[in-house]
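Per my numbering: the sequence shown = residues 1168 to 1280.
Inspection log for the structure reproduced underneath, given as structure tokens.
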Amino acid sequence: MNNLITYILAFNDDDPTIIDRQTQQQTYEENETNIHYTEERVAFSNGTVILKTTEFDEALDILDDSVCPECWINYEIITQPYNGKITPKKKIFTSRCQESFWLKLQKTRANLN
1168 MNNLITYILA FNDDDPTIID RQTQQQTYEE NETNIHYTEE RVAFSNGTVI
1218 LKTTEFDEAL DILDDSVCPE CWINYEIITQ PYNGKITPKK KIFTSRCQES
1268 FWLKLQKTRA NLN
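Below is the structure:
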């Protein structure tokens, strides 16, 4: 597993190679708007550690279902595996819709190979 895509797919599918998962959440106020921030750190059996951070404005979360509100989702490799190097080190999304579409596309590509 030397591609970030593989780890992101495993991260979201609760892959059996995940040996630890830690989540921290906080909400803070900025310009009279509640901001929700989540940090999730996942360790894999090969030594890889990936960090996923998600941040969104509470006001944007109440829009109707036809709108995909902006949020910030980052995946980043914190620790490389014992026997290799993962590229790219980081992937950023600006909405859950963008992340969802990209993940579907990656799963389709993985099934074709």
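Glycine residues also receive a C-beta, built at the ideal position from the N, C-alpha and C atoms.
E1243 and H1203 have their alpha carbons spaced roughly 19 Å apart.
Under the three-state reduction of DSSP output, N1250 falls in the coil class, being neither helix nor strand. If one requires a minimum length of 4 residues, the alpha helix (DSSP H) runs lying completely within the stretch 1171 to 1244 are 1171 to 1179, in chain order. Contact holds between the stretch 1176 to 1193 and the stretch 1205 to 1223, because three or more Cβ pairs, one in each stretch, are under 8 Å apart. In the three-state DSSP reduction, K1258 falls in the strand class (E or B). Close CB contacts of C1235 within its chain, under the 6 Å cut and outside five residues either way in sequence, are with S1262 and C1264 (chain order). The C-beta distance from T1215 to Q1247 rounds to 7 Å, short enough to meet the 8 Å contact threshold.
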